[in-house]
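So the sequences go chain by chain: A and B. For the first sequence, the residue numbers in our numbering are 1 to 310. For the second sequence, the residue numbers in our numbering are 1001 to 1168. Input: a single structure, listed below in structure tokens.
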Amino acid sequence: MLFEGIGTHWRIDTPQTLPLSVEARIQAAVAEFDYMWSRFRQDSLVTALGREGGTIPVGHDGEAMLRLYSRLYAATDGAVNPLVGAALEHLGYDASYRLTPLPGAPAPVPTWEGIFQGTTALLTVRRGTVLDVGAVGKGRLVDLVADILVRAGQRAFTVDAGGDMRHLGPGPAPGADGDGPLRVALEHPFDTTRAVGVVGLRDAAIAASATNRRAWAEGLHHVIDARTGRPVSDVVATWAVARTAMLADAASTAAFFLPPEQVLTALDGVHAVVVMPARGPLLTAGLPGPADAQESTARTAPLAYGEVFG
Amino acid sequence: MTLAARRAVTVAASLAAVGALAACGTGDAVDAVETGSTSGSATETPSSSDAASDSPSESASASADGAPGGTYADGTYTATGSYVSPGGQESIEVTLTLTSDVVSAVEVVSNADNPNSVRYQGEFVDGIADVVVGVPLDDLEVDKVAGSSLTSGGFNEAVETIKGEAGA
């Protein structure tokens, strides 16, 4: 199943074609998520909240995402903050794709401390506060789609949302022979014909992030350090493997601000992190080598193996 | 392969790697021209690009004086790598000095005027041996590729519009 959603290309691989009813459910879930959370729609909840301020119930997904944001905020000393939307808009990444920064520095990103009480699932913000859930949102939606597939009885699939993917099943690509894990290349951000590593994925998710994909001018891209309101410059790309796509997404964002090992300790359920700094060799944590995979009972290991080149 | 020839391949691989590294878009041809003889202390350029050794021969053959896989004549070799970035044609120039098949000096000059290229080339110029090269996907057997999400919808068009307006 191929489709466009939340601004990227989706591909879902299953052993047999999905029934139309399942496809419809997936399309509906993607559309509803976009309607709630997209900063780029006039009619979204996030846009209304920014325009008017107030208190909203964030729902099941919102609660999961914002609780994860609270953990990220604490772990990165405020570098990752869902209230960073206004700073992104100031730099040009707004709903109209203005892509030209406004003069002067953006207003400081409001603190996330105490903004969201995870127990009530209510969010209160002032007018003009723009929520941006980009650090975990795509992963959350991948997990939602995976959940729909599981409830529909699918036992093997790969959900791929523009390079962030979640795998389930006994083998690699569904329908293929063999018992090996899904082999996933880590795409070189500057040369899409090359890979900087390969990981073997089984019953796990991987997320990738790079500063050159959503970039619109010298030094301006979408990975913002909320403490400064400026895009990061010392890390070029990150990858993370985790139990769920939302966790992988979160970890790949945290890896712009924390050493790989610290990402693993800060977030439960993250199996491995790979970081490509602006200069120097790749940094990794949690990657078992290909040799380890041969010996382990591969069925129990979510991350079957990983290797990086350089 | 003798140690000397292996170093020569490493040198040539560095040239190919520079061509590949400097490309935000597609890599392009590397031309090498011998410009004269010098001597210097024996230091070797470290290379992280053994994986790139599949394509050193194109630049090596342009500059080698000896038999294939043999020694290189002492001298100064200048290679210009050109590539196409979203901002247009860019180039980067590498000058190597070989003494007894050892790289004795390296100089890299960035010819970019596109801001994005200046930024990335600047990083390469400062730390030329310090960048990840990676392996061609064609050499790997993989089921999937994990890269940062390619944008769809209006983002790409908006970027092109901005560039058009900026006259970049």
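Where a beta carbon is used, it is the ideal one built from N, C-alpha and C, also for glycine.
| Asked | Found |
| --- | --- |
| A/Val263 vs A/Ala64 beta-carbon contact at 9 Å | no |
| Straight-line gap, A/Leu102 to A/Gly229 (C-alpha atoms, nearest Å) | 13 Å |
| Contact the segment 113-121 of chain A vs the segment 214-222 of chain A: 3+ CB pairs below 8 Å | no |
| Rounded straight-line distance, which links the Cα of B/Thr1080 to that of A/Phe157 | 47 Å |
| Spatially closest choice to A/Val196 from A/Thr284, A/Gln42, A/Leu168 and A/Thr120, by CA coordinates | A/Thr284 |
| Neighbour flag for A/Ser44 against chain B, beta carbons, 9 Å | no |
| Three-state secondary structure (DSSP) of A/Thr253 | helix |
| A/Thr47, enclosing alpha helix (DSSP H) - first and last residue | Leu45 to Glu52 |
| Supposed close pair B/Val1133, A/Ala185 - CB separation, criterion 8 Å | About 14 Å; that fails the 8 Å criterion. |
| For A/Ile6, the nearest candidate out of A/Gln16, A/Met36 and A/Thr17 (CA to CA) | A/Met36 |
| First and last residue of the uninterrupted beta strand (DSSP E) at A/Ala210 | Ala205 to Ala210 |
| For A/Ile148, the nearest candidate out of A/Leu45, A/Ala86 and A/Leu168 (CA to CA) | A/Leu168 |
| Limits of the beta strand (DSSP E) - the one that A/Leu68 falls within | From DSSP, A/Leu68 is part of no beta strand (DSSP E) but of the alpha helix (DSSP H) over Gly59 to Ala75. |
| CB contact flag (A/Pro277, A/Asp234, <9 Å) | yes |
| Short CB-CB distance (under 9 Å) between B/Val1094 and chain A | no |
| CB contact below 9 Å: A/Ile26 versus chain B | no |
| Start-end ranges of the beta strand (DSSP E) lying completely within the segment 132-194 of chain A, minimum 3 residues | 157-161, 164-168 and 182-188 |
| Partners in chain B for A/Trp239, counting only beta-carbon separations shorter than 7 Å | Ala1146 |
| CB of A/Asp132 within 9 Å of CB of A/Ala248, strictly | no |
| C-beta neighbour in chain B for A/Met65, strict 9 Å | no |
| Paired residues, beta bridge with A/Ala242 - DSSP | A/Ala205 and A/Val270 |
| For B/Thr1043, the three-state DSSP class (helix, strand or coil) | Reliability fails at B/Thr1043, whose pLDDT of 32 lies under 50, so the model's placement of it is uncertain and the value that follows must be treated cautiously. Note: B/Thr1043 maps to coil in three-state DSSP. |
| Short CB-CB distance (under 9 Å) between A/Pro288 and chain B | no |
| Reference A/Val46, options A/Pro259, A/Arg126 and A/Arg151, closest by Cα | A/Arg126 |
| Touching by the beta-carbon criterion (3+ pairs, under 8 Å), the segment 237-244 of chain A and the segment 203-216 of chain A | yes |
| In DSSP terms, what A/Leu220 is bridged to | A/Ala217 |
| Short Cβ contact (9 Å threshold) for A/Leu303 with A/Gly286 | yes |
| Spatial distance of A/Pro19 from A/Val109 (CA atoms) | 45 Å |
| Contact with chain A by B/Glu1058, beta-carbon distance below 9 Å | Per-residue confidence for B/Glu1058 stands at a pLDDT of 30, beneath the threshold of 50, marking its modelled position as unreliable; no derived number is given. |
| Bridge partners - A/Leu20, DSSP secondary structure assignment | DSSP, once it has assigned bridges, lists no residue as partnering A/Leu20. |
| Selected residue, minimal CA-CA separation from A/Arg279, among A/Val130, A/Arg39 and A/Val236 | A/Val236 |
| A/Arg213 vs B/Ser1148 beta-carbon contact at 9 Å | yes |
| B/Val1142 versus A/Phe309: straight-line alpha-carbon distance, rounded | 15 Å |
| Cα-Cα separation between A/Asp61 and A/Lys138, rounded to whole angstroms | 11 Å |
| Pair within 9 Å by beta-carbon distance, A/Leu123 and A/Leu66 | yes |
| CB contact check: A/His188 to chain B, cutoff 9 Å | yes |
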